[in-house]
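Enquirer:
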Amino acid sequence: MKTWERAAWPTACGGCGRLLAAGDPLFVLTIERGTLTSIRRLRCDTCEGPAPPDLPPFIERTSTITPRPLTRFAPVLPLGTPLADWKARATGEREPGEEG
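Per my numbering, the sequence shown starts with residue 240, numbered consecutively.
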């Protein structure tokens, strides 16, 4: 499939090696390979001719992750036993009524 797009990030032309900035017109040739991943070939406007005049304007996309505050949680062992009690039990001291 042959389409004209705008470069989403700085890239290089696959034909002449010219560096393209984000937003430059780009000719994309997609080769479908059945169930395998398709192949994309990128060409600049000097290699493939002028871009069509109705090419939509470039829209800047950001790929930033919105930071969220970290939340702490108390580490708990199986059956709801807090970690501190487990460490105390490892010393060998037993509570009254516990068997051995």
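We treat Cβ as the ideally placed atom computed from N, Cα and C, and that holds for glycine.
Just so we're clear, the structure is a prediction, and the values are computed from it rather than from any experiment.
#1: Assuming Glu244 is part of the beta strand (DSSP E), what are its boundary residues?
#2: What whole-angstrom Cβ distance do Thr285 and Arg257 have, given they're in contact under 8 angstroms?
#3: Using DSSP bridges, identify the partner residues of Ala290.
#4: Under DSSP, the beta strand (DSSP E) around Phe266 begins and ends at which residues?
#5: Using a Cβ-Cβ cutoff of less than 7 angstroms, which residues in the same chain neighbour Ala290 once the five nearest sequence positions on both sides are dropped?
#6: Name the DSSP beta bridge partners of Thr250, please?
#7: Return the residue from the list Ala261, Ala260, Val267 that minimises the CA-CA distance to Leu281.
Expert: The short version:
#1: 241 to 245
#2: 7 angstroms
#3: According to DSSP, Ala290 bridges with nothing at all.
#4: 264 to 272
#5: Trp243, Pro264, Asp284
#6: Leu259
#7: Val267
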